[in-house]
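Numbering (our numbering), first residue to last: 8 to 429.
We treat Cβ as the ideally placed atom computed from N, Cα and C, and that holds for glycine.
Have a look at the structure below, then the notes.
Below, the structure written as structure tokens:
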């Protein structure tokens, strides 16, 4: 369970209540960043296993060894490490290591970013990142040369110099396992259940050796149709890797299914040969750099060519991979050049293949054991309460309150006594 945000002083009572609830339901571990959270968990909930968040930016052996001595059982290593650095820490630090293998990347080191906080007052270190790095920016004055040696274009719509590609390390899974990494981590902030399903299915099959080489492209395309930016290995091979940012477009792109071969007819039809089976209501996106973002629409009508009958088109619900298709464009569509990439950004088939049911929170609601004592005298009432663990043992969380006053004898003392025992 992640509790890896920084906590303000006035939030500590709410934090303690949350820790008590997590201890009660028996979570596997807490992933934490704030050392104040660490101190409270160690003191009052010693049964909770502690994992160090990637936002502690542990990037060397000394850092991992320190966490081990503090009582952490696992560390989520910084994403920016090379494979050799991961292997060295895993082999020598004496603590379990967890490594990110897929998902969105922060432009700053280990997510310790102040960009959103400074520009919009929403701190990424408080779980409120506004993704300022995904906005477009202009460059004024002298041309800007980036660290990798490339120059940033100077035009009215500059581009996205801070927008990172998505991490994807499927080819490095065997080496990371051989290095002794204990756990693989998939980033999924604000992602849909469908994203979780397709991504975990792909990596689970890959890890278990149940994914044949010929199956990989299909499952990767399924993942990309749900949500995908271009993929990068980041620095797993070298800190000098240059292909880590996508400066031309931003946001979900999809899986590539073809290139524009023509537009004709009224209403206009877009023609391309699809690499992937498509059906009505699938989403398409076309890369149009001049707009600064892809142009997207859902397939409302679709036609395929009839073999051997030139010019004959069939109005179809589904089109197989390899078919020359025409799809009806929306009335208000931009200019679309020949050769523009066409992506499938939403697949009805994928949604059917990865059906899921949403859990009902009420089914999993738990009650926290609580012991209370009330002492009534002629001039005061004293109440005390203690939160208990699931097995009845005390947790160390107690409260006590005394009220002064004049209290007469109960009218029905026997009834009061029975009620107290019930």
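Classified as exposed, residue 190 has fewer than 16 neighbouring CB atoms from the shown chains inside 10 Å of its CB. Beta-bridge partners of residue 392 (DSSP): 379, 406. Each of 11, 230, 27 was checked against the Cα of residue 259, and the nearest Cα belongs to 230. In terms of Cβ geometry, residue 24 and residue 402 do not form a close pair [threshold 8 angstroms]. Every alpha helix (DSSP H) stretch that sits fully inside the stretch 78–140 and reaches 4 residues is listed by chain position as 90–99, 122–127. Burial check for residue 145: the Cβ neighbour count within 10 Å stays below 16, so the residue is exposed. With contacts defined by Cβ atoms closer than 8 angstroms, residue 346 and residue 280 do not form a contacting pair. Here the C-alpha atom of residue 79 lies approximately 12 angstroms from the C-alpha atom of residue 100.
Nearest to residue 115 by C-alpha distance, out of 95, 215, 261, 170, is 170. In the assembly as shown, residue 228 is a buried residue. Its beta-carbon has 16 or more other beta-carbons within 10 Å. Counting along the chain, residue 263 sits inside no alpha helix (DSSP H); it lies in the beta strand (DSSP E) bounded by residues 262–266. Separation of the CB atoms of residue 174 and residue 86 is rounded to 7 angstroms, and the pair is thereby assigned contact status at 8 angstroms. Just so you know, the alpha carbons of residue 289 and residue 354 end up roughly 5 angstroms apart. Each residue's CA atom was taken as its position, placing residue 341 and residue 321 some 26 angstroms apart.
The alpha-carbon separation between residue 157 and residue 257 amounts to approximately 19 angstroms.
The bridge partners DSSP lists for residue 9 are 38. Annotated as proximal: residue 30 and residue 396, with beta-carbon spacing under 8 angstroms. Counting of Cβ neighbours within 10 angstroms places residue 126 among the exposed residues, the total staying below 16.
Within the stretch 280–346, the complete beta strand (DSSP E) segments at least 3 residues long are 290–293, 302–305, 309–312, 320–323, 331–335, listed from N- to C-terminus. In the pairwise beta carbon analysis, the stretch 373–382 is classified as not touching the stretch 301–313: fewer than three pairs are separated by under 8 angstroms. Its Cα nearest to that of residue 326, the residue 285 stands out among 285, 319, 298, 90. When DSSP reads this structure, residue 58 sits in a beta bridge with 38, 81. Pairing residue 192 with residue 306 gives a Cβ-Cβ distance that is not under 8 angstroms.
The alpha carbon of residue 352 has as its nearest neighbour, out of 417, 270, 301, 404, the alpha carbon of 301. Collapsing the DSSP output to three states places residue 401 in a strand. Annotation: residue 65 is outside any beta strand (DSSP E) and is labelled neither H nor E by DSSP. Residue 236 sits buried, since 16 or more C-beta atoms from the chains shown fall within 10 Å of its C-beta. Using a C-beta cut-off of 8 angstroms, the stretch 206–224 makes no contact with the stretch 129–146, since fewer than three inter-stretch Cβ pairs fall below that distance. Here residue 112 really is in contact with residue 241; their C-beta atoms are around 7 angstroms apart, less than 8 angstroms.
In the DSSP assignment, residue 277 is bridged to 270, 334. DSSP places residue 193 in the strand class (E or B) of the three-state scheme. For residue 173, there is no enclosing alpha helix (DSSP H); the residue is found in the beta strand (DSSP E) stretching over 173–175. For the pair residue 253 and residue 324, the CB atoms are not nearer than the 8 angstroms cut-off. Cβ-Cβ distances below 7 angstroms link residue 57 to 36, 37, 39, 45, 48, 78, 79, 80 in the same chain, with the five nearest sequence neighbours on each side left out; the list follows chain order. Looking at 188, 118, 76, the one whose alpha-carbon comes closest to that of residue 13 is 118.
Counting only the Cα atoms, residue 335 lies some 9 angstroms from residue 273.
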